[in-house]
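In short: position in the sequence shown from 1, add 1436, done, that's my numbering. Positions of the beta carbon are idealized from the N, C-alpha and C atoms, including for glycine. On a predicted model such as this, the values are computed, not experimentally measured, just so you know.
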Amino acid sequence: MIDVLIMGASWASPRHRVTSAFAAALDPARFRPRLLGNSGIGTTARTALLSELARRSGPVVLAGYAQGAAIVGDVAAQVCGDSSHSVEIVGCALISDPYRPAGMSIGTDPGGHGILGQRSVGLVPTYWVATSGDLTTALPVDSALRMTAEACEYAELSTEEQMVGWARRLVDADVREQLRKFPFGLRMWDSRSTELNELSAVLLTKPYVDSYLGVDGVASLARVLNRELKIC
């Protein structure tokens, strides 16, 4: 059996519908999923995950959602690049990864890349799933949000309230960035009002979450693991 350690988003419950749907779609004859709960604050969650890995003696798949994906991807890259770790990580599954590289997604590529940049996990077989409208993992390359310091706060959010506050600050920062670049461009500014309203709605209400439960979502990610990861 392959243990699958699944770390959720910091703002979501341990049995959030996205992580639960992913776990349910794994082949129960070969995979043993365990929901680790939300990711909490980055450093604490990373330490907890490393401690969990140290207790494992068999093959492991690391999986994560949102902030959990950020932590899981970083830990997988760290562990597999350090010969002092004895744990056998055989795969990595990342949902809504804020470090998703451009072009890397199961199913339809939504474009863009992660809001925090792009990260390779190294030699570990790694599979991403991203959906259109999820700005944390599919932010357009030229988005003004990449220029704001507020974007970097994403990995450290630990509650739903912090997530909402962050989204509001990010929208405000986008407004400031546009005014800085175009202080007298009122016509151009007017043309951006719809974009800003849409941005605010996406960040605050997360309507894209349902897309992860569709045919190109977490079930497709689980199917890839079911097909590709075979342990003799």
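Practice prompt. Answer yes or no: do Lys1545 and Ala1505 have a C-beta to C-beta separation smaller than 7 angstroms?
Written response: In the sequence shown, counting from the first residue as 1, residue 1545 sits at position 109. In the sequence shown, counting from the first residue as 1, residue 1505 sits at position 69. Contrary to the premise, residue 1545 reads as Asp rather than Lys in this sequence. Not in contact: Asp1545 and Ala1505 (Cβ atoms no closer than 7 angstroms).
Worksheet item: What residues are listed by DSSP as bridge partners for His1549?
Response: For the purposes of this step, residue 1549 is taken as the residue at position 113 of the sequence shown. Looking at the DSSP assignment, His1549 forms a beta bridge with Leu1575.
Worksheet item: Taking contact to mean at least 3 C-beta pairs separated by less than 8 angstroms, is the stretch 1454-1462 in contact with the stretch 1477-1490?
Response: no
Worksheet item: Given Val1497, which residues of its chain have a CB within under 8 angstroms of its CB, disregarding the five upstream and five downstream residues?
Response: Position 61 of the sequence shown, counted from the first residue, corresponds to residue 1497. Excluding residues within five positions, the ones whose Cβ falls inside 8 angstroms are Ile1438, Asp1439, Val1440, Leu1441, Phe1467, Ile1525, Val1526, Gly1527, Cys1528, Ala1529, Leu1661, Leu1665.
Worksheet item: Can you give, in chain order, each stretch of the beta strand (DSSP E) that sits fully within the stretch 1437-1473 and has at least 3 residues?
Response: 1438-1444
Item to complete: Provide the residue(s) that pair with Cys1516 in DSSP beta bridges, ordered along the chain.
Response: Here the question's residue 1516 lines up with position 80 in the sequence shown. None, per the DSSP bridge assignment.
Worksheet item: Leaving out the 5 sequence neighbours to the left and right, which residues in its chain are closer than 6 angstroms to Leu1649 when beta-carbon positions are compared?
Response: Sequence index remark: in the sequence shown, residue 1649 carries index 213 (1-based). Only Ala1457 meet the Cβ criterion.
Worksheet item: Comparing alpha-carbon positions, which option in Leu1657, Pro1643, Val1511 lies nearest Val1560?
Response: Here residue 1560 corresponds to residue number 124 of the sequence shown, with the count starting at 1. Comparing Cα-Cα distances from Val1560 to each of Leu1657, Pro1643, Val1511, the minimum goes to Val1511.
Worksheet item: What whole-angstrom Cβ distance do Arg1536 and Gly1550 have, given they're in contact under 8 angstroms?
Response: Counting from 1 along the sequence shown, the entry for residue 1536 is found at position 100. Counting from 1 along the sequence shown, the entry for residue 1550 is found at position 114. Indeed, because the Cβ distance is near 4 angstroms, the residues count as touching under 8 angstroms.
Item to complete: Give the DSSP-derived three-state secondary structure of Val1607 in the structure shown.
Response: Locating residue 1607 in the sequence shown gives position 171, counting from the first residue. Val1607: helix per DSSP, three-state reduction.
Discussion item. Quick check on the DSSP output: the beta strand (DSSP E) that includes Val1523 runs from which residue to which?
Written reply: Within the sequence shown, numbered from 1, the residue matching residue 1523 stands at position 87. Counting along the chain, Val1523 falls outside any beta strand (DSSP E), and DSSP gives it neither H nor E.
Worksheet item: Exposed or buried, which one is Pro1469 when buried takes at least 16 other CB atoms within 10 Å?
Response: What you label residue 1469 is simply residue 33 of the sequence shown in a count that begins at 1. Counting Cβ neighbours within 10 Å, Pro1469 comes out buried, since at least 16 surround it.
Practice prompt. Report the option in Arg1604, Arg1491, Thr1562, Val1577 whose CA atom is closest to the CA atom of Lys1642.
Written response: For the purposes of this step, residue 1642 is taken as residue 206 along the sequence shown, with counting starting at 1. When each option's Cα is compared against that of Lys1642, the closest is Arg1604.
Worksheet item: Which residues in the same chain have their Cβ closer than 8 angstroms to the Cβ of Ser1647, if we skip the five residues on either side of it in sequence?
Response: If you number the sequence shown from 1, residue 1647 lands on position 211. Same-chain partners within the cutoff: Thr1567, Ser1568, Gly1569, Asp1570, Gly1653.
Worksheet item: Is Leu1657 closer than 7 angstroms to Ile1542 when the C-beta atoms are compared?
Response: If you number the sequence shown from 1, residue 1542 lands on position 106. If you number the sequence shown from 1, residue 1657 lands on position 221. Yes.
Worksheet item: Within 10 angstroms of its Cβ, does Ser1493 collect 16 or more other Cβ (buried), or is it exposed?
Response: In the sequence shown, the residue the question calls residue 1493 occupies position 57. Ser1493 is exposed by the Cβ-count criterion.
Practice prompt. Return the Cβ separation of Gly1500 and Ile1531 in integer angstroms, given the expectation that the two are a contact with Cβ distance under 8 angstroms.
Written response: Taking the sequence shown and counting its residues from 1, the one referred to as residue 1500 is at position 64. Taking the sequence shown and counting its residues from 1, the one referred to as residue 1531 is at position 95. Contact holds; Cβ gap of about 7 angstroms.
Worksheet item: Is it right to say Val1651 is buried, meaning 16 or more other beta carbons lie within 10 angstroms of its own, or is it exposed?
Response: Residue numbering aside, residue 1651 sits at position 215 when the sequence shown is read from its first letter. Exposed.
Item to complete: Within its chain, find whatever has a CB closer than 8 angstroms to the CB of Tyr1644; leave out the 5 residues flanking it on each side and keep chain order.
Response: The residue given as residue 1644 occupies position 208 in the sequence shown. Excluding positions up to five away in sequence, the list reads Thr1567, Ser1568, Gly1569, Asp1570, Val1638.
Worksheet entry | Cβ separation of Ser1446 and Gln1503, assumed to be a contact under 8 angstroms, to the nearest whole Å | Walking along the sequence shown from the start, residue 1446 turns up at place 10. Walking along the sequence shown from the start, residue 1503 turns up at place 67. With a Cβ gap of about 4 angstroms, Ser1446 and Gln1503 count as contacting.
Discussion item. Does Ile1531 come out as helix, strand or coil in the three-state DSSP assignment?
Written reply: Taking the first residue of the sequence shown as position 1, residue 1531 is located at position 95. If DSSP states are grouped into helix, strand and coil, Ile1531 belongs with the strands.
Item to complete: Name the one or two DSSP bridge partners that Tyr1563 has.
Response: Taking the first residue of the sequence shown as position 1, residue 1563 is located at position 127. Paired residue(s): Ala1529.
Practice prompt. Assuming Ala1655 and Ala1461 form a contact by the criterion Cβ under 8 angstroms, report the distance between their Cβ atoms to the nearest whole angstrom.
Written response: To locate residue 1655, count along the sequence shown from 1; it is residue 219. To locate residue 1461, count along the sequence shown from 1; it is residue 25. Right, their Cβ atoms sit about 4 angstroms apart.
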